[in-house]
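Using the numbering used here, read the sequence shown as starting at 1 and increasing by one per residue.
Don't be surprised by glycine CBs; every beta carbon is placed ideally from N, CA and C.
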Amino acid sequence: MGRVWIDKQTPEVFRAMTDVVAVVRERAAAAGVDRDLLELVNLRVSQINGCETCLDTHWRSGLAAGLTPQRMALLPAWRDSALYDGRERAALGLAEAVTRTAGTHLDDDAYAAVRGDLTDDEVSVLVWAAITINAFNRVSILSAHPVPERDADGRVVRRRAS
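What follows is the structure in structure tokens.
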């Protein structure tokens, strides 16, 4: 017997989650947080959680937002790479702190360092972005959503069974 796809079983809850994401994106734009930075956060959180569905989705969204394949591929090494600026590092640090809450919370010194690169509005929307992608990761992982195989142009070449 297959998994319950909770997004399909209770679609009104899933719609409410997507509405929250829309508000986060709106507020992010108003705060000056570009879509590419939101996609870096989405990708990094999805990497940590091992959500293949969200990685597939946000890889393509990242490309559409102007991220290069190199920047997305090197994301697990963001701390050691010169490809990410201080603002991006602050956002990724926040995203990791939101995702890895057990024993790795953002201490006061680390939080103060983040505040040097991000405004209050930016901190708020980036934390909300991390919270929402964590929720979507869990929906996809627990529902065992399949990821179709794609060619180099992103076209589906084979669908996997769920």
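* **Rounded straight-line distance, which links the Cα of E96 to that of I48** => The residue labelled residue 48 in the question sits at position 48 within the sequence shown. The residue labelled residue 96 in the question sits at position 96 within the sequence shown. Roughly 8 Å between the two C-alpha positions.
* To do: Pull up the distance between the alpha-carbon of A29 and that of L126, whole angstroms please.
  => Residue 29 sits at position 29 when you count from the first residue of the sequence shown. Residue 126 sits at position 126 when you count from the first residue of the sequence shown. Roughly 11 Å between the two C-alpha positions.
* **Sequence-distant residues of the same chain with beta carbon closer than 8 Å to V123, five excluded per side** => Within the sequence shown, the letter at position 123 stands for residue 123. Taken in chain order, the residues that qualify are L94, V114, R115.
* Asked: Residue ranges of each alpha helix (DSSP H) run of no fewer than 4 residues wholly in the region 31-117, ordered along the chain?
  -> 35-49, 52-64, 69-73, 86-99, 108-115
* Asked: With 16 as the cutoff for other CB atoms within 10 Å, does R155 come out buried or exposed?
  -> As a first step, residue 155 is located in the sequence shown; it is residue number 155 there, counting from the start. Exposed, since its Cβ has fewer than 16 Cβ neighbours within 10 Å.
* For R25, which three-state DSSP category applies? -> Working through the sequence shown from its first residue, we reach residue 25 at position 25. Helix.
* To do: Could you round the C-beta distance between S91 and V41 to whole angstroms and report it? I think they count as a contact, below 8 Å.
  => In the sequence shown, residue 91 corresponds to position 91, counting from 1. In the sequence shown, residue 41 corresponds to position 41, counting from 1. As written in the sequence, residue 91 is Ala, which differs from the Ser given in the question. With a Cβ gap of about 6 Å, A91 and V41 count as contacting.
* To do: Note down the Cα distance separating E88 from E39, rounded to an integer number of angstroms.
  => For the purposes of this step, residue 88 is taken as residue 88 along the sequence shown, with counting starting at 1. For the purposes of this step, residue 39 is taken as residue 39 along the sequence shown, with counting starting at 1. Roughly 11 Å between the two C-alpha positions.
* To do: Rank Y84, T68, E52 by C-alpha distance to the C-alpha of L142 and give the top, closest one.
  => Locating residue 142 in the sequence shown gives position 142, counting from the first residue. Minimum Cα distance to L142 is reached at E52.
* Tell me, to the nearest whole angstrom, how far the beta carbon of A134 is from that of V98; I am working on the premise that it is less than 8 Å. => Here residue 134 refers to the residue found at position 134 when the sequence shown is read from its first residue. Here residue 98 refers to the residue found at position 98 when the sequence shown is read from its first residue. The sequence as given places Asn at residue 134; Ala does not occur at that position. Correct: roughly 7 Å between the Cβ atoms.
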